[in-house]
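What follows is a single structure, written as structure tokens, with notes after it.
2 protein chains.
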Amino acid sequence: MSSTGMLSGTSQNTAPHWDPAAVRQLVEARLDDHLTTPAGVPATLSGAMRHALLAPSKRVRPVLLFLVAEPEEGQTQTVLDVGCAVEMVHTASLILDDLPCMDDAQMRRQRPTTHVAFGQATAILGAIALLTRAFGIIAGLDDVPAPTRARLAQVLADAVGWDGLVAGQEIDVNGRAAVVEPLQIDQLNWLKTGVLFVAAAEMGAILRGLEDDKIASVREFARHFGLAFQTADDLLDKSSVAVAGKDVNKDADKTTLVTLFGAGKAEQTCRQHIADAEAALLASGINAAPVRTLMARVLEAGRMTQK
Amino acid sequence: MSSTGMLSGTSQNTAPHWDPAAVRQLVEARLDDHLTTPAGVPATLSGAMRHALLAPSKRVRPVLLFLVAEPEEGQTQTVLDVGCAVEMVHTASLILDDLPCMDDAQMRRQRPTTHVAFGQATAILGAIALLTRAFGIIAGLDDVPAPTRARLAQVLADAVGWDGLVAGQEIDVNGRAAVVEPLQIDQLNWLKTGVLFVAAAEMGAILRGLEDDKIASVREFARHFGLAFQTADDLLDKSSVAVAGKDVNKDADKTTLVTLFGAGKAEQTCRQHIADAEAALLASGINAAPVRTLMARVLEAGRMTQK
Numbered sequence: 001m002s003s004t005g006m007l008s009g010t011s012q013n014t015a016p017h018w019d020p021a022a023v024r025q026l027v028e029a030r031l032d033d034h035l036t037t038p039a040g041v042p043a044t045l046s047g048a049m050r051h052a053l054l055a056p057s058k059r060v061r062p063v064l065l066f067l068v069a070e071p072e073e074g075q076t077q078t079v080l081d082v083g084c085a086v087e088m089v090h091t092a093s094l095i096l097d098d099l100p101c102m103d104d105a106q107m108r109r110q111r112p113t114t115h116v117a118f119g120q121a122t123a124i125l126g127a128i129a130l131l132t133r134a135f136g137i138i139a140g141l142d143d144v145p146a147p148t149r150a151r152l153a154q155v156l157a158d159a160v161g162w163d164g165l166v167a168g169q170e171i172d173v174n175g176r177a178a179v180v181e182p183l184q185i186d187q188l189n190w191l192k193t194g195v196l197f198v199a200a201a202e203m204g205a206i207l208r209g210l211e212d213d214k215i216a217s218v219r220e221f222a223r224h225f226g227l228a229f230q231t232a233d234d235l236l237d238k239s240s241v242a243v244a245g246k247d248v249n250k251d252a253d254k255t256t257l258v259t260l261f262g263a264g265k266a267e268q269t270c271r272q273h274i275a276d277a278e279a280a281l282l283a284s285g286i287n288a289a290p291v292r293t294l295m296a297r298v299l300e301a302g303r304m305t306q307k
Numbered sequence: 308m309s310s311t312g313m314l315s316g317t318s319q320n321t322a323p324h325w326d327p328a329a330v331r332q333l334v335e336a337r338l339d340d341h342l343t344t345p346a347g348v349p350a351t352l353s354g355a356m357r358h359a360l361l362a363p364s365k366r367v368r369p370v371l372l373f374l375v376a377e378p379e380e381g382q383t384q385t386v387l388d389v390g391c392a393v394e395m396v397h398t399a400s401l402i403l404d405d406l407p408c409m410d411d412a413q414m415r416r417q418r419p420t421t422h423v424a425f426g427q428a429t430a431i432l433g434a435i436a437l438l439t440r441a442f443g444i445i446a447g448l449d450d451v452p453a454p455t456r457a458r459l460a461q462v463l464a465d466a467v468g469w470d471g472l473v474a475g476q477e478i479d480v481n482g483r484a485a486v487v488e489p490l491q492i493d494q495l496n497w498l499k500t501g502v503l504f505v506a507a508a509e510m511g512a513i514l515r516g517l518e519d520d521k522i523a524s525v526r527e528f529a530r531h532f533g534l535a536f537q538t539a540d541d542l543l544d545k546s547s548v549a550v551a552g553k554d555v556n557k558d559a560d561k562t563t564l565v566t567l568f569g570a571g572k573a574e575q576t577c578r579q580h581i582a583d584a585e586a587a588l589l590a591s592g593i594n595a596a597p598v599r600t601l602m603a604r605v606l607e608a609g610r611m612t613q614k
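This is the structure:
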């Protein structure tokens, strides 16, 4: 267990108390707990939710949230629950992004997409149930002071809303033709990936009780991490289904940094985001080593860390 | 303005302080405020949200919430905001129910359905944005103590979730063939309509500061009102598009009280629910006259009050 408190400002100890892989296992177990289905839930609905939520995943957002919060013993469950809420929101967005009227994807997280397995109606309803559940979990965090719960809900709602994740998907589906400049691509990547990375990290920082200036550094770190992650994902789109675990070459007709400047330039941009993320991480004062391990591991898929 | 406080238990004054039609106008204006679109929101997305949310509607749920809360001057805006959150959730559910993969409806609230006007992807994203916004509004109610905000969010999340509204729609789309008994129909009507009626009324009761036993009466009242409303809606499905303002005869292959027992028996059931609703309303101690007016007006469409 970490020796620093959820409410302490900074950690003096730079040792990696938490291995991201161990945190990921805790997240997996807690997600499963949350989908223990009560009577009255249609089996198709809970089946679709489990199919989507419990599929293999790196759990980047909840693990990131946890490593930023660095909970003491006794606070672990609460921090995991907030991470599960973020993962539910993320999974809901994936279910919807994959629909025939959006990306029309067949594979996701090494499984058939949810609408392929359960039909479109159940997939959409499963997404809504996950999204709603996320806000219900946050509202019901008994160990967290109510003002903090309200603040967490606000951060999550702002991240998902009409100028956040939802806007990113709308532009991706219906406004992509107008996205042709590097700054526009950065903005779209920010909306599609950055906002929820930042929300996850910020929620961890709030649970930790960080001061506002440190929270700003955490946000800056997560923004660059998210942009690096999205660029790596665009590079991954040029790989194979076996490597990606999902449909590839879906972006063939979309402008990304990869299609605009080629893989070399995209990799360079990705590395710059990683460097900027690390600088902001150090400024935040949180324990950097586990977070750096997480970044290295999740960016491996895009092979950003192999050279 | 009402002479009873938001935190007072009961009203001694049985005069109709608020006319439901006046409250409805306040709701309309406040919904419009909430959709004032900031920069960065794609025009198609906010267009779809406005199309769905600002279409003609009786605003039954937010008006009901308001009449139960019976706010003092200075608390009106807060109560309207909570009502707007409920209406956003309701509208999101209508957008999704109308999709081709669900009811495949062309008309709703006297307009083309949102997916007909804006395409399926934008319609779905608009629904998600409305749903998320609802939780954001509740989290951000500065005038409401944080524990109350958390309680309101919990009530709303429970109403929408996998054993609430979402379950009702899943059964309606994929499990309807097994719904053949009156009790099953009541249960489905409860999930499709009752839960959000009850949540709206309960949120009003919480804002009013009612004691738990009175809240139980408010819930009982709203449950019967919701079931009466759904039965009236099933009767309306046998009328014309011009009367209903939406597609009719969509339930031709579904078992409802109307198809099972005919319109006469359904009307009788509806009237029993109205009587039970009125009894519970009196037991709750809230000002009954405006709520009775609301019930009479919204059930008129199903002609339950004309004989």
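Protein sequences appear in the order of chains W and A. The opening residue of the first sequence carries number 1 in my numbering; numbering runs sequentially from there. The opening residue of the second sequence carries number 308 in my numbering; numbering runs sequentially from there. Using N, Cα and C, we set each Cβ at its ideal position, and we do this for glycine too.
Query                                                                                                                       : Result
Pro38/W: contacting residues in chain A (beta-carbon distance under 9 Å)                                                    : Trp469, Asp470
Inter-residue spacing [alpha-carbon to alpha-carbon] between Asp450/A and Gly443/A                                          : 14 Å
Residue range of the unbroken alpha helix (DSSP H) whose run includes Gln476/A                                              : 472-481
Coarse secondary structure for Arg223/W, derived from DSSP in three states                                                  : helix
Proximity test, Cβ basis, 8 Å: Met102/W and chain A                                                                         : yes
Rounded straight-line distance, which links the Cα of Arg530/A to that of Thr500/A                                          : 9 Å
At least 3 beta-carbon pairs within less than 8 Å: the region 51-65 of chain W vs the region 170-182 of chain W             : no
Per DSSP, the bridge partner or partners of Met414/A                                                                        : Pro419/A
CB contact below 8 Å: Ser309/A versus chain W                                                                               : Its pLDDT being 35, under 50, Ser309/A is placed unreliably in this model, and the value from its coordinates should be taken loosely. Not closer than 8 Å to any Cβ of chain W, the Cβ of Ser309/A fails to qualify, so no.
Bounding residues of the alpha helix (DSSP H) (the contiguous stretch that carries Val487/A)                                : Where Val487/A is concerned, there is no enclosing alpha helix (DSSP H), given that its DSSP letter is neither H nor E.
Coarse secondary structure for Ala55/W, derived from DSSP in three states                                                   : coil
The alpha helix (DSSP H) enclosing Lys572/A, as first and last residue numbers                                              : 564-591
Whole-number beta carbon distance between Leu463/A and Val396/A, since they are thought to touch under 8 Å                  : 7 Å
Test: Phe197/W CB closer than 8 Å to a CB of chain A                                                                        : no
Residues, ordered as in the chain, of the region 452-465 of chain A that lie near chain W by beta-carbon distance below 7 Å : Ala453, Pro454, Arg456, Ala457, Ala460, Gln461, Ala464, Asp465
Pairwise C-alpha distance: Gly161/W and Leu437/A                                                                            : 8 Å
Minimum Cβ-Cβ distance from Val82/W to chain A less than 8 Å                                                                : no
Distance, Leu406/A Cα to Asp247/W Cα                                                                                        : 25 Å
Three-pair Cβ contact test at 8 Å for the region 20-38 of chain W versus the region 60-71 of chain W                        : yes
Interface partners of Asn174/W on chain A, CB under 8 Å                                                                     : Pro349, Thr351, Gly426, Ala428, Thr429
Rounded C-alpha distance that separates Ile308/W from Ala127/W                                                              : Here chain W covers residues 1 to 307 and nothing more, so residue 308/W does not appear.
Span separating the alpha-carbon of His341/A from that of Glu300/W                                                          : 43 Å
Assumed close pair Phe528/A, Ala584/A - CB separation to whole angstroms, cut-off 8 Å                                       : 5 Å
Closer than 7 Å at the beta carbon, the chain W residues around Ala474/A                                                    : Gly40, Val41, Pro42, Leu45
Residues in the region 44-74 of chain W having any Cβ partner in chain A nearer than 8 Å                                    : Thr44, Leu45, Ser46, Met49
Neighbour list for Leu432/A in chain W, Cβ cutoff strictly below 7 Å                                                        : Val166, Gln169, Glu170
Residue-level contact to chain A via CB, Ala200/W, 8 Å cutoff                                                               : no
CB contact check: Leu131/W to chain A, cutoff 8 Å                                                                           : yes
Backbone secondary structure at Leu342/A - three-state DSSP                                                                 : coil
Beta-carbon proximity check, Ala205/W vs Ala134/W, cutoff 8 Å                                                               : no
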